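Enquirer: Below is one structure. I have some questions about it.
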Amino acid sequence: MRLERITLINIKKHFGRLALLTLALTVVVATVATLYTLSRLMNEDFQKKLDEYGSNMVIVPKTDDLPLSYDGVPLGNVALTDKHLKDSDINDLKTIKNKENLAVIAPKIIGIAKLKRREAIIVGVDFPKELKIKRWWKLRAGRKPKRGTDQILAGAAAATRHNLKVGQTVEIKGDKFTVAGILEEVGSPEDQPIYIDLKRAQTIFDRPAQLDILEVSVWCYNCPINLIVGQASEKLPHAKVSAVRQVAETRDKVVTQFSIFAVVLSVVMASVGGLIIFTNMLAAVRERRHEIGIFRAVGFRRLNILEIILFETVIVALVSGVAGYLIAVVAAWFLAPTLGIGVPVEINLTVAYFSVLGTLLLTLISSLYPALSAANMSPTIAINDI
Numbered sequence: 013m014r015l016e017r018i019t020l021i022n023i024k025k026h027f028g029r030l031a032l033l034t035l036a037l038t039v040v041v042a043t044v045a046t047l048y049t050l051s052r053l054m055n056e057d058f059q060k061k062l063d064e065y066g067s068n069m070v071i072v073p074k075t076d077d078l079p080l081s082y083d084g085v086p087l088g089n090v091a092l093t094d095k096h097l098k099d100s101d102i103n104d105l106k107t108i109k110n111k112e113n114l115a116v117i118a119p120k121i122i123g124i125a126k127l128k129r130r131e132a133i134i135v136g137v138d139f140p141k142e143l144k145i146k147r148w149w150k151l152r153a154g155r156k157p158k159r160g161t162d163q164i165l166a167g168a169a170a171a172t173r174h175n176l177k178v179g180q181t182v183e184i185k186g187d188k189f190t191v192a193g194i195l196e197e198v199g200s201p202e203d204q205p206i207y208i209d210l211k212r213a214q215t216i217f218d219r220p221a222q223l224d225i226l227e228v229s230v231w232c233y234n235c236p237i238n239l240i241v242g243q244a245s246e247k248l249p250h251a252k253v254s255a256v257r258q259v260a261e262t263r264d265k266v267v268t269q270f271s272i273f274a275v276v277l278s279v280v281m282a283s284v285g286g287l288i289i290f291t292n293m294l295a296a297v298r299e300r301r302h303e304i305g306i307f308r309a310v311g312f313r314r315l316n317i318l319e320i321i322l323f324e325t326v327i328v329a330l331v332s333g334v335a336g337y338l339i340a341v342v343a344a345w346f347l348a349p350t351l352g353i354g355v356p357v358e359i360n361l362t363v364a365y366f367s368v369l370g371t372l373l374l375t376l377i378s379s380l381y382p383a384l385s386a387a388n389m390s391p392t393i394a395i396n397d398i
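Structure representation (structure tokens):
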């Protein structure tokens with residue numbers, strides 16, 4: 013009789029015991045896979061929320077002058093220094109090793125100009141990119157300006173200071189501009205400037221192809237932000253590249269906490285699962301001494317007995333691994349909205365593969381000693397024990 017046939021007969025004969033073992037192992041796999049999936053989704057979701065909050069990296073010219081601050085970021089004295097960034101720096105930045113992690117690059121040029129006989133901070137921006145990186149900006153009135161137009165987007169404080177209204181035409185450096193929109197107050201230095209198109213700002217300030225700031229939103233779920241900063245610094249040696257420290261430190265702390273939690277929990281659950289398999293298989297071997305003794309008496313070799321026992325555990329492991337992962341996907345699908353996770357739950361074949369492989373290895377390792385005990389059992393002692 014073939015060993016596979018004997019194994020299937022034994023499974024039918026001891027179906028209740030093996031079903032309980034499979035159920036217990038499935039619960040272990042489902043628990044680990046569910047929490048791992050939720051941890052991964054929470055990391056991704058939190059990362060997206062951090063990235064949506066704004067720039068993760070700020071690039072300014074290197075300067076020894078006294079710093080001028082914009083939105084809390086040191087800029088250097090942009091009105092006096094001869095050091096500037098260039099439009100070409102954007103293309104250079106896009107050649108770093110981790111260029112796929114650069115989500116949005118928002119260039120800026122800053123200057124001071126008269127507006128209705130009063131000094132105003134003028135910030136030239138690429139509107140589509142600026143609005144993408146400043147997702148918290150809300151319009152109090154009007155509409156969003158378009159790229160390449162003579163339209164103004166006024167900060168709340170600037171609109172009040174200069175008495176600006178939507179549709180109004182104003183003059184900056186001799187050029188006419190139309191107020192397209194006014195931002196709601198955000199309670200930061202962003203309320204102070206008048207925002208105009210980047211190219212128009214370069215023209216009116218007579219600074220063609222020059223930039224003062226590059227704000228960069230970095231999609232960096234699986235890499236440290238400081239790695240991107242280092243690569244950018246190498247590509248732009250004339251610039252100072254800084255991570256927005258609060259975002260970077262929060263990201264690293266949260267990701268590390270979730271990683272540690274997942275690892276510790278996986279080790280604990282794997283230990284519990286291994287102990288369940290070990291005790292169950294050891295009890296099964298003692299229970300089947302008479303059966304094993306007969307196999308040995310009729311000529312089955314130790315390797316044959318070992319194969320019979322381990323083949324049973326392989327079947328249990330495969331069923332438990334597949335069932336556990338599928339349950340984990342369903343559980344994560346139900347739990348994700350409850351935890352406020354906005355990332356969709358999808359079947360991840362890599363996680364499924366390692367769930368089954370990990371279950372198989374855990375089961376084989378835990379069953380090895382009971383299987384060896386059965387293989388080394390003397391036929392005479394086994395039969396006399398009955």
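Converting from the sequence shown to the working numbering requires adding 12 to each position, the first position being numbered 1. Think of the CB as a built atom: it goes at the ideal place given N, C-alpha and C, for glycine as much as any other residue. All figures in this text were calculated on a predicted structure; none of them were measured in a lab.
Assuming contact is defined by CB atoms lying nearer than 7 Å, are leucine 53 and valine 355 in contact in what I supplied?
Expert: Yes; because the gap between Cβ atoms is below 7 Å, this pair is in contact.
Enquirer: Counting only the same chain and skipping the five closest in sequence on each side, list residues whose C-beta sits under 6 Å from that of leucine 422.
Expert: The shown model of the chain, from 13 to 398, leaves out residue 422, and the question about it has no answer.
Enquirer: Would you say tyrosine 207 and leucine 248 are within 7 Å of each other, going by their C-beta atoms?
Expert: no
Enquirer: Quick check: does the Cβ of leucine 151 come within less than 6 Å of any heavy atom belonging to the ligand MN?
Expert: Because no ligand of any kind appears in the structure shown, any question about the ligand MN cannot be addressed here.
Enquirer: Helix, strand or coil: how does DSSP classify lysine 74 here?
Expert: Assigned with DSSP and collapsed to three states, lysine 74 falls in coil, not helix or strand.
Enquirer: Express the C-alpha separation of alanine 115 and proline 201 in angstroms, rounding to a whole number.
Expert: 24 Å
Enquirer: Quick one, which of Ile194, Leu210, Met293 has its alpha-carbon nearest aspartate 203's?
Expert: Taking only the C-alpha atoms, the option nearest aspartate 203 is Ile194.
Enquirer: Quick one, are the C-beta atoms of serine 378 and isoleucine 289 less than 7 Å apart?
Expert: yes
Enquirer: Taking only runs of the beta strand (DSSP E) that begin and end inside the segment 194 to 247, which ones reach a length of at least 3 residues, in chain order?
Expert: 206 to 209, 225 to 230
Enquirer: Going along the chain, which residues of its own chain have a beta-carbon closer than 8 Å to the beta-carbon of glutamine 214, five neighbours each way excluded?
Expert: Ile121, Gly136, Pro220, Ala221, Gln222
Enquirer: Mapping the DSSP letters down to three states, classify glutamine 180 as helix, strand or coil.
Expert: Of the three classes helix, strand and coil, the one that applies to glutamine 180 here is coil, per DSSP.
Enquirer: Name the DSSP beta bridge partners of valine 137, please?
Expert: Lys120, Asp209
Enquirer: Is asparagine 22 helix, strand or coil when you go by DSSP?
Expert: helix
Enquirer: Rounded C-beta distance between valine 182 and leucine 127? I'm assuming under 8 Å.
Expert: Valine 182 to leucine 127, Cβ: 6 Å. Contact.
Enquirer: Give the secondary structure of valine 351 by DSSP, where H, G and I count as helix, E and B as strand, and everything else as coil.
Expert: The sequence given here places leucine at residue 351; valine does not occur at that position. Note: leucine 351 maps to coil in three-state DSSP.
Enquirer: Just curious, the beta strand (DSSP E) that valine 253 is in, first and last residue?
Expert: 251 to 255
Enquirer: Bridge partners of threonine 190, per DSSP?
Expert: Gln163, Thr181
Enquirer: Is the beta carbon of alanine 340 closer than 7 Å to that of threonine 49?
Expert: yes
Enquirer: Please report the straight-line C-alpha distance between lysine 211 and lysine 98, rounded to a whole angstrom.
Expert: 12 Å
Enquirer: State yes or no: is the C-beta of phenylalanine 139 within less than 7 Å of the C-beta of arginine 155?
Expert: no
Enquirer: Report yes if the C-beta distance between glutamine 243 and isoleucine 108 is below 7 Å; otherwise report no.
Expert: A contact, by the Cβ cut-off of 7 Å.
Enquirer: Using alpha carbons as the reference points, say which of Ile216, Lys144, Ser254, Val44 lies closest to glycine 186.
Expert: Ranking the options by Cα distance to glycine 186, first place goes to Ile216.
Enquirer: For my contact list, alanine 255 and valine 241 are in at a C-beta cut-off of 8 Å; report their separation, rounded to the angstrom.
Expert: 5 Å
Enquirer: Just confirm the distance between the C-beta atoms of alanine 387 and arginine 314, as a whole number of angstroms; I'd bet it's less than 8 Å.
Expert: 4 Å
Enquirer: Identify which residue in Leu338, Pro119, Ile304 has its Cα closest to the Cα of valine 72.
Expert: Pro119
Enquirer: Compare the beta carbon distance of glycine 336 and alanine 45 with 7 Å and say whether it is the shorter of the two.
Expert: Closer than 7 Å, so yes.
Enquirer: Less than 7 Å between the C-beta atoms of leucine 372 and glycine 286, yes or no?
Expert: The answer is no: Cβ separation not under 7 Å.
Enquirer: Any idea which residues DSSP pairs arginine 130 with across the strands?
Expert: Leu127
Enquirer: Is the CB-CB distance between serine 401 and isoleucine 353 below 7 Å?
Expert: Residue numbering for the chain in the displayed model covers 13 to 398; residue 401 lies beyond these limits and cannot be assessed.
Enquirer: Where DSSP assigns a beta bridge to lysine 98, which residues make up the other side?
Expert: Its beta-bridge partners are Gln222.
Enquirer: Ends of the beta strand (DSSP E) at arginine 152?
Expert: Run containing arginine 152: 151 to 154, per the beta strand (DSSP E) assignment.
Enquirer: Taking just the CA atoms, how far does isoleucine 272 sit from leucine 30?
Expert: 33 Å
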